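S.K.: Take a look at the following structure, please.
Number of protein chains: 4
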Amino acid sequence: MDNFNEKQVCILQVAERLFAEKGFDGTSVRDIAKAAEINIAMVSYYFGSKEKMLEALVLFRTDDLAIQIENLSKEPLSPLDKIGRLVDLYLTRINQNKDIYKIIHFELSSKKRVMNFESFNQVKKRNSASMKQIISEGQMRGIFNSEVNIDLLVPTILGTFFHFQMNRPYYEDILHLTTDEAFENYVKTDLKKHIQQTIKAILLYEM
Amino acid sequence: MDNFNEKQVCILQVAERLFAEKGFDGTSVRDIAKAAEINIAMVSYYFGSKEKMLEALVLFRTDDLAIQIENLSKEPLSPLDKIGRLVDLYLTRINQNKDIYKIIHFELSSKKRVMNFESFNQVKKRNSASMKQIISEGQMRGIFNSEVNIDLLVPTILGTFFHFQMNRPYYEDILHLTTDEAFENYVKTDLKKHIQQTIKAILLYEM
Amino acid sequence: MDNFNEKQVCILQVAERLFAEKGFDGTSVRDIAKAAEINIAMVSYYFGSKEKMLEALVLFRTDDLAIQIENLSKEPLSPLDKIGRLVDLYLTRINQNKDIYKIIHFELSSKKRVMNFESFNQVKKRNSASMKQIISEGQMRGIFNSEVNIDLLVPTILGTFFHFQMNRPYYEDILHLTTDEAFENYVKTDLKKHIQQTIKAILLYEM
Amino acid sequence: MDNFNEKQVCILQVAERLFAEKGFDGTSVRDIAKAAEINIAMVSYYFGSKEKMLEALVLFRTDDLAIQIENLSKEPLSPLDKIGRLVDLYLTRINQNKDIYKIIHFELSSKKRVMNFESFNQVKKRNSASMKQIISEGQMRGIFNSEVNIDLLVPTILGTFFHFQMNRPYYEDILHLTTDEAFENYVKTDLKKHIQQTIKAILLYEM
DNA sequence: TATGAATGAGAGTTCATTCAT
DNA sequence: TATGAATGAACTCTCATTCAT
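Below you can see the structure in the form of structure tokens.
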């Protein structure tokens, strides 16, 4: 989005991977410099400091996190199908951005650094509004349960996905997903289907 | 629980809080020593090293994470009510142990350190088995949907809860939960109710 | 010699071995306590401090370093044979006390600690006097070269021996002494013979 | 000699002196930094670690330890005079390199660290071969005793010298060498003469 | 007499950052 | 614009020693 040149983008990408793998505090500037094949001084030179690089990274990635529902709204689909498509969009988006999500989630709940997540919150609010719009439509048309706590649907979608990812070794074990491909495939089929059905069940089932 | 004396327990509790707040790598032994009002050397003295203290902490807390459903199984409740109670148990348990869960989740998905989470996995498997048992009962009696992916129910419960906790500042904002008490109250009522209804909807709604 | 009880002697023996192997500064009180199977506090308890234990060790061993020539002087041997026997005595003595010699030699030339080596010097002077006595006898009887620098004979004997010991790995290599036994045997035969002949050659050869 | 810059050489020289004075384990990186007027971090920065600095030091100095006898061999001197010159060369060389010799001798016989002394051994072998060459010449011409254990001549030369140095306080005392100059002078005249005569006596005296 | 618990000091090393070039 | 050199601060851990029992 911003004014990052090619080299800066390269550094950010390397930093993103390492921060996701080892945490911000567990990753040294030397690690990043080595992995990105740059001089150690470049991080301070380009971003001011290690922390400012983290902030730059968050800004750099935040835009990627927004889901695009403009077209979805206009499509001639039933609210139920729209929800299915929306969950699909959500999962595709966060699956592509696992790393930055992991980093942000850590920082959000960390008392170590005070960071500005305004832009991130804006994206969340926008995404949430998109969801609310579709659900409202379904509720008005009497299709969706009207007593649903809409604010908690996003935590349900994202939480289920991330919890599965966080405990990857455990689920690889009990689900016999021995290869990266098998795991990724399970996420894109079974896990996605489960989350879609969960959301639909919440919206459709009358308590 | 194990063979930890009073002072060791105190250190572990302080370490747990700080690790949850600032991460393992973001917390120095000095931080812990200061907060626990002990000499810096005590950490190495009692646990061998900072990392071994982390391992001790995980072992120390792991047993707390098991849910007790023995009594629940015997109670004269419908499968549906049992599930409601089970989710309640789950949430109570993880709400009490948020810190260690956060620590473990970070370490599980970290390439920084190689830790042994066998005992943690055992607990997860035991908890999972408890849940399967109750659901199977409901399925056999024709109450519960038989096409549910049972393995993904726990991620749904825990994931929703943790995602809400992780994004606490965001939800405090949009839900106008201005005090700790208000937030905690929302978790224990609205969030719990949402998760319980989600699980019930999954189990009961026929796709 | 002194008032060391059984346990103290045991500690000193263990310390002697470790100090010889790894140096005083390279050996921790914990190392000694572990090897001697005693409590860490015992070293300070028995000897006051680590350094005082070293001093105690030097005193404890010093007497062992004196060679006994009283009987030798009285025996009806030629001065040459007496010298041969004397070198034999010397080498036997220092071979038995390699460890303490190594320790003392390090401390003597060290600026780290200021130690009192008076008792050690006394022994050296006594040993040196014994040697001078025998050589004087030989010189007076016109058998030994009168221009020998007697003070440098002891450095020749001990120096050759210790240099060989110091460079043990090198000599094991070039002399093909593959076992401890082979090495020890070489010392007791070839090296001893060489040193004896060296001293004799010095005393007998007229420049 | 190698690829050490000016500052690295300075650090190595300071370290050499301190290691010789107080031993490797008795010298802290802080001591070296202070004496060399550098930042503490420089040792790790330049050499990787304290131990690697020691290895660098050994390599840095090893070449200095080789004696040059190429010219000596060609000179029109008698084998006896050549031996005298050779001992002179040896003593001059080791007198200049007392410190590194002391350090190496300690490490050679230490079980604390495992170091690679291959380059040092190579130099020793080369020096030893030089000596053997000259002696062989004398033996073939019937001048030198043919029953000499040539391998033990170097220990005799170096051992005598080092033992004298090691026990410096003792010899200062009994030889009344009250100043550094007097001691140094004694080494360069009396001690050297003694060692030269010792080697000559060994080679010339027929048992 | 003997010991486990505990401590302050200092060890070697790595950290993010700065500076001269 | 970019970098290698260099630094002070902070890191974890071990040290010899002390103290209450």
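Residue numbers (my numbering), protein chains in the order written: chain A, -16 to 190; chain B, -16 to 190; chain C, -16 to 190; chain D, -16 to 190. C-beta atoms are modelled at their ideal positions from N, C-alpha and C, and glycine is treated no differently. For clarity, every value in this text was computed on a predicted model and none was experimentally measured.
One question on the structure: do I86(A) and F30(A) come within less than 9 angstroms of each other, judged by their Cβ atoms?
M.R.: Numbered from 1 along the first sequence, position 103 holds the residue referred to as residue 86(A). Numbered from 1 along the first sequence, position 47 holds the residue referred to as residue 30(A). Contact flag unset, no.
S.K.: With 9 angstroms as the threshold, decide whether the Cβ of Q180(D) is near any Cβ in chain C.
M.R.: As a working note, residue 180(D) is residue 197 in the fourth sequence. True, the Cβ-Cβ gap to chain C drops below 9 angstroms.
S.K.: For the putative contact between A212(D) and I15(D), defined by C-beta atoms under 8 angstroms, what is the C-beta separation to the nearest angstrom?
M.R.: With chain D covering only -16 through 190, there is no way to say anything about residue 212(D).
S.K.: Going by CA-CA distance only, name the one from E167(D), M123(D), N150(D), D173(D) that's closest to L186(D).
M.R.: The residue you call residue 186(D) lines up with position 203 of the fourth sequence. With distances taken between Cα atoms, L186(D) lies closest to M123(D).
S.K.: Once DSSP output is grouped into helix, strand and coil, what is the label at M(-16)(B)?
M.R.: The residue you call residue -16(B) lines up with position 1 of the second sequence. At M(-16)(B), the pLDDT of 48 sits below 50, so the modelled position is not reliable and the matter cannot be decided from this model.
S.K.: In this structure, how does DSSP classify Q51(D) when only helix, strand and coil are distinguished?
M.R.: Stepping through the fourth sequence from its first residue, residue 51(D) is reached at position 68. If DSSP states are grouped into helix, strand and coil, Q51(D) belongs with coil.
S.K.: Counting only runs of 4+ residues fully inside the stretch 74 to 129 of chain A, write out the alpha helix (DSSP H) ranges in chain order.
M.R.: Whole alpha helix (DSSP H) segments, 4+ residues: 81 to 91, 101 to 123.
S.K.: Going by C-alpha distance, which of S61(B), E120(B), K175(B), I(-6)(B) is nearest L40(B)?
M.R.: Here the question's residue 40(B) lines up with position 57 in the second sequence. That would be I(-6)(B), whose Cα lies nearest to the Cα of L40(B).
S.K.: Could you run through the stretch 147 to 176 of chain C and flag, in chain order, every residue whose CB is less than 9 angstroms away from some CB of chain D?
M.R.: Those would be F147, Q148, M149, N150, R151, P152, Y153, Y154, D156, I157, L158, D173, L174, K176, in chain order.
S.K.: Would you mind reading off the limits of the alpha helix (DSSP H) that contains G142(C)?
M.R.: Taking the first residue of the third sequence as 1, we reach residue 142(C) at position 159. Segment 136 to 149, the alpha helix (DSSP H) holding G142(C).
S.K.: What does P138(B) touch in chain A if you count any residue whose Cβ is under 7 angstroms from its own?
M.R.: Reading the second sequence from its first residue, position 155 is the one you call residue 138(B). Going along chain A in sequence order, the residues near P138(B) (Cβ under 7 angstroms) are T143, H146, F147.
S.K.: Are the CB atoms of I178(D) and L69(D) nearer to each other than 9 angstroms?
M.R.: Position 195 of the fourth sequence, counted from the first residue, corresponds to residue 178(D). Position 86 of the fourth sequence, counted from the first residue, corresponds to residue 69(D). No, the pair does not count as a contact, with Cβ atoms beyond the cut-off.
S.K.: If we ignore side chains and look at the alpha-carbon of each, how far apart do F100(C) and Q(-9)(B) end up?
M.R.: Here residue 100(C) refers to the residue found at position 117 of the third sequence. Here residue -9(B) refers to the residue found at position 8 of the second sequence. One C-alpha to the other measures close to 47 angstroms.
S.K.: Going along chain B in order, which residues have a C-beta closer than 7 angstroms to the C-beta of I66(A)?
M.R.: By one-based count along the first sequence, residue 66(A) stands at place 83. Chain B residues near I66(A): none, gap ~13 angstroms exceeds 7 angstroms.
S.K.: Who are the neighbours of F127(D) on chain C, taking C-beta pairs under 8 angstroms?
M.R.: Walking along the fourth sequence from the start, residue 127(D) turns up at place 144. What F127(D) touches in chain C: nothing, since even the nearest Cβ is about 12 angstroms away.
S.K.: Just the C-alpha distance for M(-16)(C) and R76(C), rounded to the nearest angstrom, thanks.
M.R.: On the third sequence, residue -16(C) is found 1 positions in, with the first residue counted as 1. On the third sequence, residue 76(C) is found 93 positions in, with the first residue counted as 1. Because M(-16)(C) sits at a pLDDT of 48, beneath the cut-off of 50, its placement in the model cannot be relied upon, and the point is left open.
S.K.: Does F30(C) come within less than 9 angstroms of chain D when only Cβ atoms are used?
M.R.: By one-based count along the third sequence, residue 30(C) stands at place 47. No, because no Cβ of chain D sits closer than 9 angstroms to the Cβ of F30(C).
S.K.: For H88(C), is the classification buried or exposed, using 16 other Cβ atoms within 10 angstroms of its Cβ as the cut-off for buried?
M.R.: In the third sequence, residue 88(C) corresponds to position 105, counting from 1. Buried, since its Cβ has 16 or more Cβ neighbours within 10 Å.
S.K.: Starting from the Cα of I66(D), find the closest Cα among V137(D), E189(D), A18(D) and give me that residue.
M.R.: The count along the fourth sequence starts at 1 and reaches residue 66(D) at position 83. Nearest C-alpha to I66(D): V137(D).
S.K.: I'd like to know whether the C-beta of D71(A) is nearer than 9 angstroms to at least one C-beta of chain B.
M.R.: Taking the first sequence and counting its residues from 1, one reaches residue 71(A) at position 88. Answer no: the Cβ-Cβ gap between D71(A) and chain B never drops below 9 angstroms.
S.K.: Which residues in chain B have a C-beta closer than 8 angstroms to the C-beta of F89(A)? List them in chain order.
M.R.: Position 106 of the first sequence, counting from 1, holds the residue named residue 89(A). Per Cβ cutoff of 8 angstroms: G6, F89.
S.K.: Can you find the residues in the same chain that come closer than 6 angstroms, C-beta to C-beta, to S27(B), ignoring five residues on each side of it along the sequence?
M.R.: Position 44 of the second sequence holds residue 27(B). Same-chain partners within the cutoff: there are none.
S.K.: Taking the alpha helix (DSSP H) that V170(C) belongs to, which residues open and close that run?
M.R.: Along the third sequence, one-based indexing puts residue 170(C) at 187. From DSSP, V170(C) is part of no alpha helix (DSSP H); its letter is neither H nor E.
S.K.: Contact between the stretch 94 to 110 of chain C and the stretch 41 to 56 of chain C: three or more CB pairs below 8 angstroms?
M.R.: Flag = yes, the stretch 94 to 110 of chain C and the stretch 41 to 56 of chain C touch.
S.K.: Starting from G9(A), find everything on chain B with Cβ-Cβ shorter than 8 angstroms and list it in chain order.
M.R.: One-based indexing of the first sequence puts residue 9(A) at position 26. Near G9(A) (Cβ distances below 8 angstroms), the residues of chain B are G6, F7, D8, S93, K95.
S.K.: I believe L42(B) touches N150(A) by the beta-carbon criterion, under 8 angstroms. Please report the beta-carbon distance rounded to the nearest angstrom.
M.R.: By 1-based counting over the second sequence, the position of residue 42(B) is 59. By 1-based counting over the first sequence, the position of residue 150(A) is 167. Between N150(A) and L42(B) the Cβ distance is about 18 angstroms, and since that is not below 8 angstroms, they are no contact.
S.K.: Name the residue from M25(D), D64(D), K5(D) whose alpha carbon lies nearest to the alpha carbon of I83(D).
M.R.: As a working mapping, residue 83(D) is identified with position 100 in the fourth sequence. The shortest C-alpha separation from I83(D) is found at K5(D).
S.K.: Straight-line CA distance for E155(B) to M36(D)?
M.R.: Position 172 of the second sequence, counted from the start, is the residue given in the question as residue 155(B). Position 53 of the fourth sequence, counted from the start, is the residue given in the question as residue 36(D). Looking at the two C-alpha atoms, the distance is approximately 56 angstroms.
S.K.: Closer than 7 angstroms by beta-carbon distance: list the chain D residues that pair up with K33(C), in chain order.
M.R.: Residue 33(C) sits at position 50 when you count from the first residue of the third sequence. Residues of chain D passing the Cβ test: none, with the nearest at roughly 13 angstroms.
S.K.: From E164(D) to T172(C), what distance separates their C-alpha atoms?
M.R.: As a working note, residue 164(D) is residue 181 in the fourth sequence. As a working note, residue 172(C) is residue 189 in the third sequence. The straight-line gap from Cα to Cα measures roughly 40 angstroms.
S.K.: With a threshold of 8 angstroms (Cβ to nearest heavy atom), would H177(C) be considered close to the ligand PLP?
M.R.: By its list of ligands, the structure shown contains no ligand whatsoever, and the ligand PLP lies outside what it can speak to.
S.K.: Considering only residues of the same chain and omitting the five flanking positions on each side of A19(B), which have a CB-CB separation below 7 angstroms?
M.R.: Numbered from 1 along the second sequence, position 36 holds the residue referred to as residue 19(B). Closer than 7 angstroms at the Cβ level, and outside the excluded window around A19(B), lie C(-7), I(-6), V(-3).
S.K.: Could you tell me whether the Cβ of K191(B) comes closer than 9 angstroms to any Cβ of chain A?
M.R.: Given a span of -16 to 190 for chain B in the structure shown, any question on residue 191(B) remains unanswerable.
S.K.: Could you confirm whether any beta carbon from chain A is found closer than 9 angstroms to the beta carbon of I118(B)?
M.R.: Counting from one through the second sequence, the residue named residue 118(B) turns up at place 135. No - not a single Cβ of chain A is within 9 angstroms of the one on I118(B).
S.K.: Taking 9 angstroms as the threshold (beta carbon to beta carbon), is I83(D) in contact with chain C?
M.R.: Counted from its first residue, the fourth sequence places residue 83(D) at position 100. With 9 angstroms as the cut-off, I83(D) does not count as an interface residue toward chain C.
S.K.: From Y169(B) to K175(B), what does the alpha carbon distance come to, in whole angstroms?
M.R.: Position 186 of the second sequence, counted from the first residue, corresponds to residue 169(B). Position 192 of the second sequence, counted from the first residue, corresponds to residue 175(B). Looking at the two C-alpha atoms, the distance is approximately 8 angstroms.
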